[in-house]
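Novice:
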Amino acid sequence: MSGADDAYLGVVVEQLPDALFAVRLDDSNRRIVAHVDGSPRRNFVRLLPGDRVTVELTTQNRKRGRITRRGSGA
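In my numbering, the protein residues as written are 2 to 75.
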């Protein structure tokens with residue numbers, strides 16, 4: 002993914018197979034599929050439905066992205 006990716010706030014809705022998560026974005030109420038970025042994965046950050054996250058979407062496919070941060074304010 003390039004540096005021109007867009008970052009959005011969202012909520013984890015569902016845990017999917019193969020380390021994927023369904024995330025509902027706050028701004029558009031869209032549901033996307035995202036994987037966990039390297040930093041949270043290396044630090045063994047556990048994601049559960051209801052967690053607030055920051056997601057970067059690619060410019061090629063706006064329904065896929067990566068979770069870069071977890072937290073209350075994300």
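Note that the Cβ used here is the ideal one computed from N, Cα and C, for glycine as well.
1) Does the beta carbon of arginine 67 sit closer than 8 Å to a beta carbon anywhere in chain D?
2) Return the residue from the list Arg63, Thr55, Arg31, Leu26 that minimises the CA-CA distance to valine 37.
3) Below 8 Å on the Cβ atoms is my contact criterion, and I expect arginine 1 with valine 34 to pass it. Report the Cβ-Cβ distance as a whole number of Å.
4) Does DSSP put glycine 11 in a helix, a strand or coil?
5) What's the call for glycine 72, buried or exposed, on a 16-neighbour Cβ count within 10 Å?
Specialist: So, from the data block:
1) Here chain D cannot be found, since the structure has a single protein chain.
2) When Arg63, Thr55, Arg31, Leu26 are compared, the shortest CA-CA separation from valine 37 is found for Thr55.
3) With the chain running from 2 to 75 in the structure shown, residue 1 is simply not present.
4) The answer is strand: DSSP assigns glycine 11 an E or B state.
5) So glycine 72 counts as exposed.
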